[in-house]
Structure formats: C-alpha cells, structure tokens
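Protein sequence lines correspond, in order, to chains R and L. Under our numbering, the residue at position 127 of the first sequence is numbered 129, and the numbers go up by one with no gaps. Under our numbering, the residue at position 83 of the second sequence is numbered 85, and the numbers go up by one with no gaps. Glycine included, C-beta positions come from ideal geometry on N, C-alpha and C. The structure displayed is predicted, hence computed values, not measured ones.
Number of protein chains: 2
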Amino acid sequence: MNGKLYGIGLGPGDPELMTLKAYRLISGAEVVAYPALKDGESFARSIAADVIPVEALEVTIHIPMTVERGPAQAAYDKGAQDIADYLEAGRDVVVLCEGDPFFYGSFMYLFARLADRFETEVVPGVTSVTTCAAVAGRPLSARNEVLTIIPGPLDEAVMQDRIAAAEAVVIMKVGRHLTKIRKVLDALNLTENATYVERASLPSQAVRPLADAPASAPYFSMILVTKGQDPWLN
Amino acid sequence: MNGKLYGIGLGPGDPELMTLKAYRLISGAEVVAYPALKDGESFARSIAADVIPVEALEVTIHIPMTVERGPAQAAYDKGAQDIADYLEAGRDVVVLCEGDPFFYGSFMYLFARLADRFETEVVPGVTSVTTCAAVAGRPLSARNEVLTIIPGPLDEAVMQDRIAAAEAVVIMKVGRHLTKIRKVLDALNLTENATYVERASLPSQAVRPLADAPASAPYFSMILVTKGQDPWLN
C-alpha cells in the first residue's frame, strides 16, 4: 500500500504560529521534504526545526532561483520523483511549506505531479498577509470590502491600474520591487495610507509607515494599503 | 497595572487548525470573550470549547444580525466596556475570533475601541479562504497572479465587474447570495471554472463543482474561481 502525501502550511515564520495539526503530523513524520535554496538554506525547515524527529529521513528539493522555467521544473520533477519513491515504498511523506501550501506556494508544483497518483492532504497554514495586518495593528478588510492581493513582481503599469481600481490592497513579495511600488503608490497619492512590514512574526520583524521604509527590502516584506476607513469602526 | 488584550484567530472550524500560540493563550486564560448570536450560539466558542479552562470567566458579546449600524455598534460598545472593566482590574482578556481577527472579523470593532487604551496583541489564524482551497485540492494563486477576495453581499453589477477584471477569485460569505453569484458567473462563462465549498474543515464539509451546488448555501460557504491554469504547473 502506498504512503500518503501531506502538504503542510507552517505559517509565517514564528514556530508558535504553526497549527496543532501541523505539529502533530510533523512530530510523527517518517519522511520530511522541503524546498531549499541552492546553498541548502530552507526557511520552511527552519520554522519546523524543533519539531522534526531526529530519526526522520529528509528530502531536500533544491529550487534554482531563475527567471526561466526549465531549471525549476526539472527540480520539481526530481523532487516529485524522490517523494514518489518513498510513497511507493509505503511511507507517508510530509512536505513543509512556508505560510500556506496553496497561497503562492511551491507545493502546488509537487501537488500537480503527485496528487493524481497518491492520496494527498493539504493542511492550510497562517499566511503572511494576515500576520502582517496583525503585527501592524491594521485590519485588512471588513464587511463588504474587496481585498486585492498583488505580487510585487507585477509590471508597473498593470500594478498601478490594479491598485487604482481596488479597495483594500496587500502587496506581497516586495523585495527588490520596492522602488517601483513606492513610485506607483506615490503616483496614486497612497503613500500616506501604506504600511511597510518585513519578516512579520520573526524576531527581526519591522513595521513602518511606507514613507520610512528602508531603501532596500528583503523578499519577505509586504505593504498594506487601505483607501478609507470602515465607517462602522467607531 | 492594566491587563493585556488578545485577539486570537482560531482558524476555520477544525480545532486542530488552531495555532500553538492560540492554544497556549486560551488554555491559560482567566477571561475569555467571544461574539455570539442573540440565542447565545457562538461559532468561535465552539471551536475553542475543549481548550477554555473550566474556571475561566466568560464574556459573551451578543451581536444583532441587523443591516442597520446602530444595534451592532451598541453591542460592540457594551462588549468593549465589559472587556475594559476586566483589563482595568488587571486581568488579561482573550477574545476568540473565527478565522483571523483582522480578515473580515468582528474583532476589529473591539480593537478600534480598546487598542489605544490597553496593550493589545493580535494573533493571526488560518483563514477559511486557504482552507477551502486546501480541501478542494485547488491552488489559490501562484507566482504573479493577482488574487481578488470578494464578499458575497456585494452588489450584482459591481461583483460582475470585479470578477471580469480579476484573475484568481474567491467569493466569501456566499449564503443567501448564491443565486446572484451563480447568475454573475454564468454571465461571465465561469461556472465551469468554479468550485463550491461549505463548512471547510468541519465534519459537515462539502466540496462540489458550482454546477452541482445545493439550492441554498449556509453562511459559511465559499466559491473559488480560476480563469486559467498556471502554465508552470506541469
């Protein structure tokens, strides 16, 4: 009998923001897989480090950070094959995912390769989006507001159109796109409505008005923008 | 010295999708507050029921389900006052919140009334949005896709415009708006791209193609719509 595949959301970084279910499944895991950079560094593994059993087998999926599709596809092909080997040997495999597996996560590439052949369960996790709102003390969206989540790499003109048409906005994966995003928000007169958050829930977390954001931002940074205040608030 | 206020996200309904932090804070709580319907039923309390200490004091905030602003505002005023009384007496107060406190949650109304006077911490939770994607086996958003979250009560014409302009879409709080939403998605030829999910993560959970959705939907139901598949998936 084949093993079962789990895609497990670990939350935004603070290990205490892991769910009880994630904790149970990881602490009982025989095989733990996770994405890592070329040098082996894995943010997902670091979140779960204290929960992974010492005797667990570990599968590292090295994801090349290239713009082209080919190298990453090949890495997911290989990772999926490594995982499939364990599943076919009857072992369950737990895949560690930063945040939530299906919210801008790489797990979906393994899911697409494996879920039709193996029993698969996805365990949702706390996203960085609601974590940023929590640490910034800024409600994300209320009542009938539409919430638009925009990835930082989006083209400048498209981004400007999307933000202009939106109500509550979260811009994710800010990183090296910070200068472009500031320009867009300035053009829309929204800089005063914007809060910058980096590494939410980690010890190095920072929260600032966008006007006071640093010149360069880490990949794990985000900008929250609201256009008006819910009139029901007070 | 005043007590500290906590707004705690409990996740979508399965108590195991609570975070370790929520579990720790609730299991050590002296005073636990939560919103409830007029008859006293509280979904938030039901999620945390097995974690609340038997000796904890409980504050029920009865929220009237009216369209007008006044009655709900009065209920939040009273709830905030009850909580403030405990905080001023030096007791910490834990407010239980379905999903995430700042994601379409009622906690923001207490936060607006109390956070300037009392130390406050918001603990994010797993949202129903990523939970629906997980149980439906449908990735929400990948790479540079914009994700638009639309509340079901939105006006029909506005909803149609928003969905037409969007890429990945989640429609929340479907409930009695199901007929209107089906009409909108039919008009946009998106019914085949839509998945209906009710009570994600609860024992009564249901997942269906929208075409097979029931005639009436509970408040805790959602529709996921994708317009195309990420070409990187395979």
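Taking the Cα positions, R:V148 is about 19 Å away from R:L156. Below the 9 Å Cβ cutoff, chain R contributes no neighbours of L:N191, its closest Cβ being approximately 21 Å away.
By the Cβ test, the stretch 157-175 of chain L is not in contact with the stretch 211-224 of chain R, since fewer than three Cβ pairs between them sit closer than 8 Å.
Out of R:P141, R:V137, R:K182, the CA that lies nearest to the CA of L:Y111 is found in R:P141.
Against chain R, the CB of L:F105 has a partner CB under 7 Å away; the residue lies at that interface. Taking 7 Å as the CB threshold, R:M174 stays off the interface with chain L. For L:I85, the closest Cβ of chain R is not nearer than 7 Å.
Secondary structure note for R:M161: its alpha helix (DSSP H) is the uninterrupted segment 158-167. Listed along chain R is no residue with a C-beta nearer than 9 Å to that of L:V209; the closest approach is about 12 Å. Among the bridge pairs identified by DSSP, R:R210 is matched with R:Y198.
In the structure shown, R:S130 adopts helical secondary structure according to DSSP, grouped into three states. DSSP, read as helix, strand or coil, puts R:E100 in coil. Beta-bridge annotation (DSSP): L:V33 is paired with L:L59, L:V95. The C-beta separation of L:P153 from L:S108 comes to about 14 Å, leaving the pair out of contact by the 8 Å criterion.
Contact annotation: the stretch 119-126 of chain L does not touch the stretch 188-196 of chain L, with fewer than three C-beta pairs closer than 8 Å. Among the residues facing chain R, L:V97 is not included, as its CB has no counterpart in that chain under 7 Å away. Secondary structure at R:T193: helix, using DSSP grouped into helix, strand and coil.
A direct Cα-to-Cα measurement between L:S44 and L:Y8 gives close to 18 Å.
The residues L142, in chain order, have a CB closer than 7 Å to that of L:T132 in the same chain once the five nearest residues on each side in sequence are set aside. Neighbours of R:G139 in chain L, taken as residues whose beta carbon is under 8 Å from its own, are F113, A117, T122, V124 in chain order.
At a cut-off of 7 Å between beta carbons, R:I225 makes no contact with chain L. The DSSP-derived three-state label of L:E123 is strand. Residues of chain L with a Cβ closer than 7 Å to the Cβ of R:D102 are, in chain order, T132. Residues of the stretch 145-160 of chain R with a C-beta less than 8 Å from any C-beta of chain L: R145, N146, E147, V148, L149, T150, I151, I152, P153, P155, L156, listed in chain order. Within the DSSP secondary-structure output, R:S223 pairs in a beta bridge with R:E200. Per DSSP, the continuous alpha helix (DSSP H) segment holding L:A86 begins and ends at 72-90. Close CB contacts of L:A46 within its chain, under the 7 Å cut and outside five residues either way in sequence, are with L12, Y36, P37, L98, C99, E100 (chain order). Residue range 170-174 is occupied by the beta strand (DSSP E) that includes R:A170.
Comparing alpha-carbon positions, the option among R:E200, R:D188, R:R178, R:R145 lying closest to L:M174 turns out to be R:R145.
Nearest C-alpha to R:A159 among R:L187, R:G139, R:G177, R:I151: R:L187. The beta carbon of L:R201 does not come within 7 Å of any beta carbon belonging to chain R, so the residue lies off that interface. A direct Cα-Cα distance of roughly 19 Å separates L:T21 from L:A135. Of R:V61, R:V176, R:L19, R:I28, the smallest CA-CA separation from R:I151 is found for R:V176. Beyond the five residues adjoining it in sequence on each side, R:K182 comes within less than 7 Å, by CB distance, of E158 in the same chain, given in chain order. Within chain R, the residues E18, L19 have their CB atoms less than 7 Å from the CB of L:K23, given in chain order. Going by beta carbons, R:V96 and R:L19 fall outside the 7 Å limit.
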